[in-house]
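**Q** What follows is a single structure, and I will ask about it in a moment.
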Amino acid sequence: MKLPAGLQISNLFKKWRLEEHLTLYLLAIAVGILGGYGAILFRLLIKVSQFIFYQDSKDFLSFAHKIPFYLKVLIPALGGLVVGLIARWGTEKARGHGVPELIEAVVIRGGRISWRTATARVSAAAVTIGAGGSVGREGPIIHIGSFLGSAVAQVLRLGRDRERILMSCGAAAGISATFNAPIAGMLFAVEVLLGDFSLGTFSPIVLASVTAAVISGFHLGSFPAFVIPSFQIGSLWEYGLYPLLGMLCGLVAVGFTTTLYLCEDRFNDLPLPAWVKPALGGMLLGSMLLVVPQVFGVGYGAVNLALLNKMSLTLMGALILAKIVATSISLGSGSTGGILAPSIFIGAMTGGTFGLLVAQVLPLAQPLSASSYALVGMGALVAGSIHAPVTAILLIFELSGKYQIIFPLLMACFLSMITSSLLKRRSIYSLKLLRRGIDIAQGREQTILRNIAVKDVMVRDIKSVLESTPMVTVVDLFRTFNLSCLTVVNAHGELVGVISFHDIVGAASEEEMAYLLIARDMADTQVDTVVPGDTLAQALAKMEAEKVGQLPVVAEDGSGKLLGLILEKEVIATYERELRLRWF
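If you're matching positions, the sequence shown starts at 0 in the working numbering and goes up one per residue.
And the structure:
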C-alpha cells in the first residue's frame, strides 16, 4: 500500500538541514501529544481494571479493610491468570518490566516496536496493576509513548535514525506525563534509552516531553504525583548524613536487583506452563496483602504516608523488604509493569527509616525531618537501581520544587549509583539484557554505524572513465591525481568495474601494453557494491570481507548506475565524530 503522505514527509528530510530539524521538531510535538493522551488513557484503563476486580477504583488502602481475606488472595491470582493468557495468546514479550526491551529496540532494532508487543504489554500491565500487582504504571506508559513514536516514524518512512529519536520522544513523553516532570522525562530518554547527549537528539526530546506535560496537566491538573513536604535541614551536620543515606540506598538497590532476578530464575525453573506462573505469583502476592496491604499496586498512597511522617519506624523498615519481595514475585512470575514506582516506594521507606533512626540515635539541636530523608531516598534508590543519577536528581527536584534539596540529593544519588555499580556493574535494566546475551555497552557504539546511511557519507564527486578509455590515459589519471582507485562505467553511466592502483602498476611499467589495453581490460568487474540506503555497518562489513578501502555506490533501482564511492576512512571519521557528539 502506498503512503503518499509518508513519501512527502520523507522528501522534506532531503532538503536543507534547517527544514529537516523543523520537520523533526513538529513530529516530536505530535508524538508528545500522542504520548500525553496515551498516558491518560492508560491511567483510565487501570482504574477500569481495578473497578472490575474490586468494584472500587480508589487507593487500595482506603478500602482494603472491606475486602474479604480470601478475595485478597484470589483476585491477584485471577489477574495473574489473565496476564498469563494474554502472554500466551499475544506474545511472550508482554512479560516483565519492559524498559530493557525498549533499550534493545533502540540499540539493536533502530527504534522499531511491533504493535502486537505494545498491545499485549499494555493490556497485561493494566490487568496486573488493577488486580494488585506490585509494579509501576510508568513502564507500560513509557512503552505506549515509545510505540506511538515508532509508529509515526514507520508510517512516514523516516528511516532508522529518526525512528529511534521519535521512539525516545515517546518514552520521554510517558515519564513526563506520569510524574508531571518534563525535565526528568527528557533525561530518562537521553540517559537510559539512548545514551546520546547530542543536540540533534536532545532538542526534539525536550519538545515531546514538555508537550506531554502540558497535555497531562491540562486534563489531570498540574500537581505533583506525590504529596511533597517542605524540605528541611535542621543542622549543617545533616549534610554529612545524606552521603550515608546514598550508600545505604545503593546497597538496598543491589538487594532489589538481586532478589528480582533470583525470583525470575526460580519461577523459570518451576515445571509449570508459563501461562500458569503469573497466577501462582498473584496468589503469593495476595497472601502478602493480608499482612502488608501497602504493597498493593503502584503504592503511591503508602509513599505519601511516609512523606507526611505518618508511618512508624517498624512499619517502614518492614515495607522495604516487603516491597522488594512483592515486586520481585510479581515481575519474576511473569506479570507486567514498571520498576520505577517500586524503586520510589522502596527509596521512600529506606529514607524514612534512616531518618527516624538517626533522629533517635543523634541528639541534634533541632528536630530532624524524617520526611526529608524519605524524599531524598526516593531519588537515591532510583539512581542505584537504574544507574541514571541525573534523571533521579531532576525527577525528585521537579516533584519537590525545592532548591534546597539539590545538594543533599546530588550527594545521595551519585553515591547510591557508585555503591550499586561497585557491587553490581549493570543496572536493573541492562542486567536483564545481559542475561539474554545482549551487551548494551557495545551495542550503543555499534548503533552509530547501523543508524547512518551510506548516502549521508558517500563521496559523489569522483573520477570515472569510460570502459573504452585507453590504458595509457588511465595511467596518466592515476599519476596526475594521485588516485588509489578509478571507477569504470559504460556509455549509460552504469558501473563496469574498478581499477585499483595495484592493477595498473604492471601496465605502467610496460609502455607498449598500456597502448594496447583499454580500461575494461584492467577493471575488476566482480567488485562488490552498496546502495545509498545501506548502513555504514553494512558497507564496512563488505569492505572488510573484500579487503578494500572503498566501495562503489550504485542506484537502488538495479540499473547499476554509478552514484559515488564510500570510503573506509570517511566511515571511521564519521564514527569518531558521532561518538564525540553523543557525549559533548
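C-beta atoms are modelled at their ideal positions from N, C-alpha and C, and glycine is treated no differently.
#1: Please identify the residue among L288, T313, P388 and R159 whose C-alpha is closest to the C-alpha of L70.
#2: Checking the sheet assignment: what are the DSSP bridge partners for L564?
#3: To which residues of the same chain is S426 closer than 6 Å at the C-beta, ignoring the five residues directly before and after it?
#4: With a CB to CB cut of under 6 Å and the five nearest residues on each side skipped, what residues in its chain are close to H218?
#5: Are A171 and F187 touching if we call contact CB-CB under 9 Å?
#6: With A34 and A152 assumed to form a contact (beta carbons below 8 Å), what rounded beta-carbon distance in angstroms separates them?
#7: Strictly by DSSP, which residues pair up with G95?
#8: Decide if the stretch 60 to 69 is in contact with the stretch 91 to 106; the criterion is three or more beta carbon pairs, one per stretch, under 8 Å apart.
#9: Mapping DSSP to helix, strand and coil, what is E493?
#10: Which two residues bound the contiguous alpha helix (DSSP H) that contains S167?
#11: Helix or strand or just coil, what does DSSP make of F583?
#12: Out of L516, A522 and S122, which has the shortest C-alpha to C-alpha gap to S499?
#13: From this set, R111, V453 and R94, which residue's C-alpha is nearest A119's C-alpha?
#14: Just to confirm my understanding: we take G129, look at its own chain, exclude 5 residues before and 5 after, and list those with CB closer than 6 Å. What are they?
#15: Does DSSP put I498 in a helix, in a strand, or in coil?
#16: With a CB to CB cut of under 7 Å and the five nearest residues on each side skipped, what residues in its chain are close to T586?
#17: Mind checking which residues open and close the alpha helix (DSSP H) that includes L288?
#18: For R434, is the classification buried or exposed, using 16 other Cβ atoms within 10 angstroms of its Cβ as the cut-off for buried?
#19: Can you check DSSP and say which residues form a bridge with D523?
#20: Can you tell me the Cα-Cα spacing of E493 and V458, whole angstroms?
#21: Give me, in chain order, the residues of the same chain whose beta-carbon lies closer than 6 Å to that of I343; leave out the 5 immediate sequence neighbours on both sides.
#22: In the DSSP assignment, what residue or residues form a beta bridge with L485?
#23: Against chain D, does Q525 count as a neighbour if the rule is that its beta carbon must be under 9 Å from one of theirs?
#24: Going residue by residue through the stretch 75 to 153, where are the continuous alpha helix (DSSP H) segments of at least 4 residues, counting only ones entirely within it?
#25: How long is the line joining the alpha carbons of V381 and G89, rounded to whole angstroms?
#26: Could you tell me the distance, in whole angstroms, from the CA atom of L157 to the CA atom of G383?
#27: Using 10 angstroms around the beta-carbon of H64, count the other beta-carbons present and answer buried if the total reaches 16, otherwise exposed.
#28: Return yes when the Cβ of I232 is within less than 9 Å of the Cβ of S371, no when it is not.
#29: What residues in its chain sit with their C-beta under 7 Å from that of E575, if we drop five residues either side in the sequence?
#30: Can you list, in chain order, the residues of its chain whose CB lies under 8 Å from that of I85, leaving out five sequence neighbours each side?
#31: Just to check my reading of the structure: L535 and I451 have Cβ atoms closer than 8 Å, yes? What is that Cβ distance to the nearest angstrom?
#32: One question on the structure: do I323 and T418 come within less than 9 Å of each other, judged by their Cβ atoms?
#33: Residues in the same chain with beta-carbon distance under 6 Å from R87, minus the five sequence neighbours each way, listed in chain order, please.
#34: Under the DSSP definition of a beta bridge, which residues are partnered with V529?
#35: From what residue to what residue does the beta strand (DSSP E) around V464 run?
#36: Per DSSP, what are the beta-bridge partners of P469 in this structure?
**A** Checking against the coordinates, here is how it stands:
#1: L288
#2: V458 and P551
#3: I385 and H386
#4: I39
#5: yes
#6: For the record, residue 34 in the displayed sequence is Gly; it is not Ala. Wrong, their Cβ atoms sit about 14 Å apart, outside the cutoff.
#7: T335
#8: no
#9: strand
#10: R159 to F178
#11: Per-residue confidence for F583 stands at a pLDDT of 40, beneath the threshold of 50, marking its modelled position as unreliable; no derived number is given.
#12: A522
#13: R94
#14: I45, S48, Q49 and F52
#15: strand
#16: The first residue shown for the chain is 0 and the last is 583, placing residue 586 beyond what the model contains.
#17: K276 to L288
#18: exposed
#19: V497
#20: 17 Å
#21: M377
#22: I498
#23: Chain labels in this structure do not include chain D; a single protein chain is all it has.
#24: 98 to 106 and 114 to 130
#25: 31 Å
#26: 36 Å
#27: exposed
#28: yes
#29: none
#30: A93, A119, S122, A123 and V126
#31: 5 Å
#32: no
#33: W274
#34: V552
#35: S463 to L465
#36: I517
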